[in-house]
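Read in order, the letters of the sequence shown correspond to residues 1 to 450 in this note's numbering.
Glycine included, C-beta positions come from ideal geometry on N, C-alpha and C.
Here's the structure we're looking at; comments come further down.
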Amino acid sequence: MSITAFPSSNSSTPNNSIAPWQSAIITEWNARRAAEEENNQRPLFPLAMNPFGEDEILAMTEVLLTGRLTLGSQVEKAEKKFAETVGIPYAVMVNSGSSANLLAVSAITNKLRPIHCNPGDQVLVPAVCWSTSVFPLLQNGLCPVFVDVDPRTLNVTLAQLERKLTPLVKAVMAVHVLGNSIDMRQMMNFVTRHKLMLIEDTCESLGSFCQTGTENECKMLGTFGDFGTFSFYFSHHITSGEGGMITCKTEEDYNLLRCLRAHGWTRHFTNREIVEKSYPDVDSRFLFVNIGYNLRPLEVQGAMLSVQIDKLSQFNTCRRNNLIHIREIISRNEQFLRLMSLVEASSGVDPAWFGIGALLHRPYSYQRLEFLKYLEENGIENRPIISGNFIRQPCIATFCEHEHPEDYPGAEVIHHCGFFIGIHQTTLDETIIIKLVEIILAFPFQPQHV
């Protein structure tokens, strides 16, 4: 994947208020970016554009100069800012989005949580998902039950959820794909009626909204369920290089997540002193009250993320506007519409698109791999939609011997017809969009009639 850096104009640092060391770093940063521009080796349409610039470099350098590397005030600042931004009481930062999923699943299976899953309980999970939407379930003794998706939206439907419900299902792992989701009003009605826990894997959908009632009432995805998980991998909506976040609504879940994140330790409890008094014979500095991991992020990641959070709204405005512009140009081209269709937003959802998802129409799907290779050769980076139909992944044989990919027709359409390209957090020039469409249409599509 090629990464294109933002120009120095991305900075909000006033030049008349910076120290000499800051000026030196900015000068070096700009010189290296200028050299990249001169070499001009990036593709025409990369999958991702590098979203950070001078502000993030200076913030991270400031932290390094303090000598503090491990989790501290910068991470806590980022957590509070993130919680305020998405509109939820609590957020806990970890070292990746996959770790966020692991921690969330560990929380809903933890015996110290009043409402929890037990070994052997089932969890509904979309057939189109990322590997670490599934693996934490297995690692915590749960049984994934795959649910088919609507290929037009890439997400599960209420009808499919109801169809796969059994008495053993105790939770749902909702994966919001490419910025889109099921109408969360339907999802919340479903989990409430059946008394299910809900984890929202929002790693591809930070900043997407869904209506909660009337058209004027909405919430961000990742704030509806018991836990929401987010990824700050470098190609996602905002980045801390690597990194992730879990959101929750109660102080009890907040303390549980912070405990599980760091060894099962009491060190980060909000009620630490009360808990420690119950164990007077154990050194309170090293008191372990639960099973935990080490999933802590670094201080430099917290510093970088704090700067990035301030840019989230601007980035997502560009993502939304870019797709509107692309749709306008495509809608005028009958040839494009005969070949493929773009992914649709679900009812009630305002996606902050992670990428531009498309489905080749069936007569052309046999050329998909050849077409995607052609796009790469012509400077248009692309990817399958997540992992395609996850039932087709070889790992499925290690835990679901009796699953058959053909039983998930919606996921099969996405697997054989789907792909996505970048959408970017800077405004796309119309000439680039027109060139993109021209390259796509220059491929020698030939319909195959079955």
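Q) If you draw a straight line from the C-alpha of D201 to the C-alpha of P20, how long is it? A) As a working mapping, residue 201 is identified with position 201 in the sequence shown. As a working mapping, residue 20 is identified with position 20 in the sequence shown. Cα-Cα distance, rounded: 43 Å.
Q | Per DSSP, cross-strand counterpart(s) of R383 | A | Here residue 383 refers to the residue found at position 383 when the sequence shown is read from its first residue. In the DSSP output, where bridge partners are listed per residue, R383 has F420.
**Q.** Residue interval of the beta strand (DSSP E) (run including V172)
**A.** Position 172 of the sequence shown, counted from the first residue, corresponds to residue 172. That run of the beta strand (DSSP E) goes V169 to V175.
Q. Helix, strand or coil: how does DSSP classify F269 here?
A. Stepping through the sequence shown from its first residue, residue 269 is reached at position 269. The answer is coil: DSSP assigns F269 none of H, G, I, E or B.
Q. Quick one: what's got a C-beta closer than 8 Å to M1's C-beta in the same chain, skipping five residues either side?
A. Translated into positions along the sequence shown, residue 1 becomes position 1. Any reading at M1 needs caution, since the residue's pLDDT is 47, under 50, leaving its predicted position unreliable; the model's value is listed next. Here the set comprises P46, L47, A48, S235 and E381.
Q: Check Y254 in the structure and name its three-state DSSP category.
A: Along the sequence shown, one-based indexing puts residue 254 at 254. Y254 falls in the helix class under three-state DSSP.
Q.
Only counting the same chain, and skipping five residues up and downstream in sequence, which positions put a Cβ closer than 6 Å to that of L102?
A. Working through the sequence shown from its first residue, we reach residue 102 at position 102. Once the five neighbours on either side are set aside, the close Cβ partners of L102 are P136.
Q: Note down the Cα distance separating A107 from A174, rounded to an integer number of angstroms.
A: For this step, residue 107 is matched to residue 107 along the sequence shown. For this step, residue 174 is matched to residue 174 along the sequence shown. Take the alpha-carbon of A107 and the one of A174: they are about 16 Å apart.
Q: Taking G535 as the reference, give the member of I238, M220 and S96 with the closest Cα.
A: An answer regarding residue 535 cannot be provided, because it is not within the stretch 1 to 450 covered by the chain.
Q. What is the DSSP secondary structure of D55, reduced to helix, strand or coil?
A. Residue mapping note: residue 55 aligns to position 55 of the sequence shown, counting from 1. Looking at D55 - three-state DSSP - the assignment turns out to be helix.
Q | Complete runs of the beta strand (DSSP E) confined to the region 322–367 [at least 3 residues] | A | 340–342 and 356–360
**Q.** Start-to-end residues for the alpha helix (DSSP H) that takes in T132
**A.** As a first step, residue 132 must be located in the sequence shown, where it is residue number 132. Per DSSP, T132 belongs to the alpha helix (DSSP H) from S131 to Q139.
Q. Does DSSP put D201 in a helix, in a strand, or in coil?
A. The sequence position of residue 201 within the sequence shown is 201, counting from 1. Assignment of D201 by DSSP, reduced to helix, strand and coil, places it in the strand class.
Q) Are the region 314–323 and the region 414–426 touching by the rule of at least three beta carbon pairs closer than 8 Å? A) Enough Cβ pairs lie closer than 8 Å, so yes.
Q: Tell me whether the beta-carbon of N389 lies closer than 9 Å to the beta-carbon of I414.
A: Position 389 of the sequence shown, counted from the first residue, corresponds to residue 389. Position 414 of the sequence shown, counted from the first residue, corresponds to residue 414. Yes, the pair counts as a contact, with Cβ atoms nearer than the cut-off.
Q) Do you know whose CA, among L305, E54, I115 and S17, lies nearest R32's CA? A) For this step, residue 32 is matched to residue 32 along the sequence shown. Selected option, being the one with the closest Cα: E54.
Q | DSSP three-state assignment for D310, whether helix, strand or coil | A | Indexing the sequence shown from 1 puts residue 310 at position 310. DSSP, read as helix, strand or coil, puts D310 in helix.
Q. Under three-state DSSP, which class holds A238?
A. In the sequence shown, the residue the question calls residue 238 occupies position 238. Here the sequence assigns Ile to residue 238, which means Ala is not the residue at that position. Of the three classes helix, strand and coil, the one that applies to I238 here is coil, per DSSP.
Q. Considering only C-alpha positions, which residue in the set L58, N50, A35 and T239 is nearest to I18?
A. Residue numbering aside, residue 18 sits at position 18 when the sequence shown is read from its first letter. It is L58.
Q: Look at H218 and D350 and say whether their C-beta atoms are less than 9 Å apart.
A: As a working note, residue 218 is residue 218 in the sequence shown. As a working note, residue 350 is residue 350 in the sequence shown. Going by the sequence as given, residue 218 is Cys instead of His. Going by C-beta atoms, C218 is nearer than 9 Å to D350.
(Q) Please classify C395 as buried or exposed, where buried requires at least 16 other C-beta atoms within 10 Å of its C-beta. (A) Counted from its first residue, the sequence shown places residue 395 at position 395. Flag for C395 reads exposed.
Q. Taking C-beta to C-beta, are Y366 and F443 nearer than 9 Å?
A. As a position in the sequence shown, residue 366 is number 366, starting the count at 1. As a position in the sequence shown, residue 443 is number 443, starting the count at 1. Not in contact: Y366 and F443 (Cβ atoms no closer than 9 Å).
Q: Figure out for me which residue from L154, D281 and L178 has the closest Cα to the Cα of P409.
A: The residue labelled residue 409 in the question sits at position 409 within the sequence shown. P409 has its Cα closest to that of L154, out of L154, D281 and L178.
Q. Of the choices L436, G292 and E334, whose alpha-carbon is the least far from that of R258?
A. Your numbering for residue 258 matches position 258 in the sequence shown. Of L436, G292 and E334, the residue nearest in Cα terms is G292.
**Q.** Neighbourhood of F269 by C-beta, 8 Å cutoff - its chain only, sequence neighbours within 5 removed
**A.** Taking the first residue of the sequence shown as position 1, residue 269 is located at position 269. Result list for F269: N255, R258, C259 and V275, in chain order.
Q: Identify every residue that forms a DSSP beta bridge with L247.
A: Numbered from 1 along the sequence shown, position 247 holds the residue referred to as residue 247. The sequence given here places Thr at residue 247; Leu does not occur at that position. DSSP output for T247 lists A91 and G228 as bridge partner(s).
Q | 7 Å Cβ shell around Y364 - same chain, five flanking residues per side excluded | A | Taking the first residue of the sequence shown as 1, we reach residue 364 at position 364. Closer than 7 Å at Cβ, skipping near neighbours: L339, F445 and P447.
Q: Determine the direct distance from the alpha carbon of H237 to that of S387, and round the result to whole angstroms.
A: For the purposes of this step, residue 387 is taken as the residue at position 387 of the sequence shown. For the purposes of this step, residue 237 is taken as the residue at position 237 of the sequence shown. Using only the alpha carbons, I get a separation of about 19 Å.
Q.
Once DSSP output is grouped into helix, strand and coil, what is the label at A219?
A. Here the question's residue 219 lines up with position 219 in the sequence shown. Here residue 219 is Lys; the residue named in the question, Ala, does not match the sequence. Correct three-state label for K219: strand.
(Q) If contacts are defined as beta-carbon pairs under 8 Å, then L312 and T85 qualify, I think. What distance do you get, rounded to the angstrom? (A) The residue labelled residue 312 in the question sits at position 312 within the sequence shown. The residue labelled residue 85 in the question sits at position 85 within the sequence shown. The Cβ separation is near 7 Å, so the contact holds.
Q | Endpoints, the beta strand (DSSP E) within which Q122 is located | A | As a working mapping, residue 122 is identified with position 122 in the sequence shown. Q122 -> beta strand (DSSP E) spans Q122 to P126.
Q.
Quick check on V156: does DSSP put it in helix, strand or coil?
A. Translated into the one-based positions of the sequence shown, residue 156 becomes position 156. DSSP places V156 in strand when its eight states are reduced to three.
Q. Going by the CB atoms, is the gap between F230 and H263 shorter than 9 Å?
A. By one-based count along the sequence shown, residue 263 stands at place 263. By one-based count along the sequence shown, residue 230 stands at place 230. It is not a contact, given that the beta carbons lie outside the stated cut-off.
Q | Residue range of the alpha helix (DSSP H) that includes F82 | A | Taking the first residue of the sequence shown as 1, we reach residue 82 at position 82. Taken as a continuous stretch (DSSP letters only), the alpha helix (DSSP H) holding F82 covers S73 to V86.
Q: Counting only runs of 4+ residues fully inside the region 393–418, write out the alpha helix (DSSP H) ranges in chain order.
A: Within the region 393–418, the complete alpha helix (DSSP H) runs of at least 4 residues are 409–417.
**Q.** Y233 to A83 span [Cα, whole Å]
**A.** Translated into positions along the sequence shown, residue 233 becomes position 233. Translated into positions along the sequence shown, residue 83 becomes position 83. As the crow flies, the alpha-carbon of Y233 is around 18 Å from that of A83.
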